[in-house]
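Colleague: Per my numbering, residue -5 is the first one in the sequence shown, and the count goes up by one each step.
In this text, a Cβ means the ideal position worked out from N, Cα and C, and glycines have one as well.
Handing you this structure, nothing more for now.
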Amino acid sequence: MSDALQLFLDAIAAGDDTRSEEAALALAHLGDAALPRLRELLTDADPDRCWWAARALAAVGTPAAQELLITALADSDPDVRACAAQGLGELQAAEAIEGLVRCLSDPSTLVSRIAADSLSRIGAPAVPALIAVLQEGEVLVRAGAARALSIIQPEDAIVPLCAALDDPSAIVTYYAEEALEQMGVGGVLVQP
-5 MSDALQLFLD AIAAGDDTRS EEAALALAHL GDAALPRLRE LLTDADPDRC WWAARALAAV
55 GTPAAQELLI TALADSDPDV RACAAQGLGE LQAAEAIEGL VRCLSDPSTL VSRIAADSLS
115 RIGAPAVPAL IAVLQEGEVL VRAGAARALS IIQPEDAIVP LCAALDDPSA IVTYYAEEAL
175 EQMGVGGVLV QP
């Protein structure tokens, strides 16, 4: 085991979040060489160790690390799911769009909110999936999609966002209005 990995594990065991964060960031230089141990940690019985594994995977950031983070979106612990979603957003991992869209309906509002933020960071590649769930998803999913679209501001979402102005959910309507206003379409009648 490398010194960097051992320092990371020691910091986690000591419960020292500052040292754990520094050690997680230091693992980036190991790249995929860190993945076997991080994969083990990701399935540990201790949710805190799983969370730190997800954090370190985001620091590593390779395609293989992203695959493990996508898997972690289905973890039983909401904090681990939130950490994985956050990391995928920071990495702008377009491969994670499907998993992040599923997280919009997560029972944890923190996870669903972070998933929407991450989709907005991914940007244009996430737009088709966001438009689809804006039109057909559950209330929380539609709200998350509208919020992400309000940040991305894609022109091809104007018509679906206008339709969302008639959504029965006030929060969906709010984010649709916000998106349209930020795009300079607010108050303008659009004939689809």
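1) Note down, in chain order, each residue of its chain lying with its Cβ closer than 6 Å to the Cβ of residue 116, except the 5 sequence neighbours on either side.
2) Among 38, -1, 43 and 16, which has the Cα closest to the Cα of residue 26?
3) Can you give, in chain order, each stretch of the beta strand (DSSP E) that sits fully within the stretch 53 to 92 and has at least 3 residues?
4) Which same chain residues, not among the five before or five after residue 65, have their C-beta less than 6 Å away from its C-beta?
5) Among residues of its own chain, excluding the 5 on either side of residue 43, which ones have a beta-carbon nearer than 7 Å to its beta-carbon?
6) With a threshold of 6 Å on Cβ separation, who are the neighbours of residue 133 within its own chain once the five nearest residues in sequence on each side are excluded?
7) The alpha helix (DSSP H) spanning residue 128 covers which residue range?
8) I'd like the list of long-range same chain contacts for residue 100, defined as Cβ closer than 8 Å, with 5 residues on each side in sequence excluded.
9) Exposed or buried, which one is residue 184 when buried takes at least 16 other CB atoms within 10 Å?
10) Could you pull the start and end residues of the alpha helix (DSSP H) that residue 37 belongs to?
11) Determine the closest residue to residue -4 out of 79, 24 and 97, with distance taken between C-alpha atoms.
12) Can you list, in chain order, the residues of its chain whose CB lies under 8 Å from that of residue 21, leaving out five sequence neighbours each side?
13) According to DSSP, simplified to helix, strand and coil, what is residue 98?
14) Between which residues of its own chain and residue 112 is the CB-CB distance below 6 Å, once the five residues before and five after are set aside?
15) Cα separation between residue 141 and residue 59?
16) Measure the beta-carbon distance from residue 157 to residue 121 and round it to whole angstroms, keeping in mind my assumption that it falls under 8 Å.
17) Specify the secondary structure class of residue 174 as computed by DSSP and reduced to three states.
18) Mapping the DSSP letters down to three states, classify residue 112 as helix, strand or coil.
19) Leaving out five residues before and five after residue 147 in sequence, what residues of the same chain have Cβ atoms less than 7 Å from its Cβ?
20) Go through its chain and collect everything with a Cβ distance to residue 154's Cβ below 7 Å, but skip five positions before and after it.
Modeller: Per the coordinate set shown:
1) For the purposes of this step, residue 116 is taken as residue 122 along the sequence shown, with counting starting at 1. Hits under 6 Å: 86 and 88.
2) For the purposes of this step, residue 26 is identified with residue 32 of the sequence shown, where counting begins at 1. Of the listed residues, the one whose Cα sits closest to residue 26 is -1.
3) With a minimum length of 3 residues, no continuous beta strand (DSSP E) run stays inside the stretch 53 to 92.
4) Residue numbering aside, residue 65 sits at position 71 when the sequence shown is read from its first letter. Its chain contains no residue whose beta carbon lies nearer than 6 Å to that of residue 65 once the 5 sequence neighbours on both sides are disregarded.
5) Counting from 1 along the sequence shown, the entry for residue 43 is found at position 49. For residue 43, where only same-chain residues beyond five positions count, the Cβ hits under 7 Å are 6 and 35.
6) The residue labelled residue 133 in the question sits at position 139 within the sequence shown. Cβ within range, chain order: 163.
7) Locating residue 128 in the sequence shown gives position 134, counting from the first residue. 121 to 130 is the extent of the alpha helix (DSSP H) around residue 128.
8) Counting from one through the sequence shown, the residue named residue 100 turns up at place 106. These residues qualify, in order along the chain: 72, 75, 106 and 109.
9) Counting from 1 along the sequence shown, the entry for residue 184 is found at position 190. Note that residue 184 scores 47 on pLDDT, short of 50, meaning its location in the model is unreliable; the coordinates nonetheless yield the value given after this. Exposed: under 16 other Cβ atoms inside 10 Å.
10) Counting from one through the sequence shown, the residue named residue 37 turns up at place 43. Careful: residue 37 lies outside any alpha helix (DSSP H) and carries neither H nor E.
11) Translated into the one-based positions of the sequence shown, residue -4 becomes position 2. When each option's Cα is compared against that of residue -4, the closest is 24.
12) Position 27 of the sequence shown, counted from the start, is the residue given in the question as residue 21. Cβ within range, chain order: -2, -1, 2, 28, 32, 50, 53 and 54.
13) As a working note, residue 98 is residue 104 in the sequence shown. If DSSP states are grouped into helix, strand and coil, residue 98 belongs with coil.
14) The residue you call residue 112 lines up with position 118 of the sequence shown. For residue 112, where only same-chain residues beyond five positions count, the Cβ hits under 6 Å are 79, 82, 83 and 94.
15) As a working mapping, residue 141 is identified with position 147 in the sequence shown. As a working mapping, residue 59 is identified with position 65 in the sequence shown. Going from the Cα of residue 141 to the Cα of residue 59 covers about 27 Å.
16) Here the question's residue 157 lines up with position 163 in the sequence shown. Here the question's residue 121 lines up with position 127 in the sequence shown. About 15 Å separates the CB atoms of residue 157 and residue 121; that is not less than 8 Å, and the two are not in contact.
17) The sequence position of residue 174 within the sequence shown is 180, counting from 1. The DSSP-derived three-state label of residue 174 is helix.
18) Taking the sequence shown and counting its residues from 1, one reaches residue 112 at position 118. Correct three-state label for residue 112: helix.
19) Taking the sequence shown and counting its residues from 1, the one referred to as residue 147 is at position 153. Only 173, 176 and 177 meet the Cβ criterion.
20) By 1-based counting over the sequence shown, the position of residue 154 is 160. Same-chain partners within the cutoff: 125, 128 and 129.
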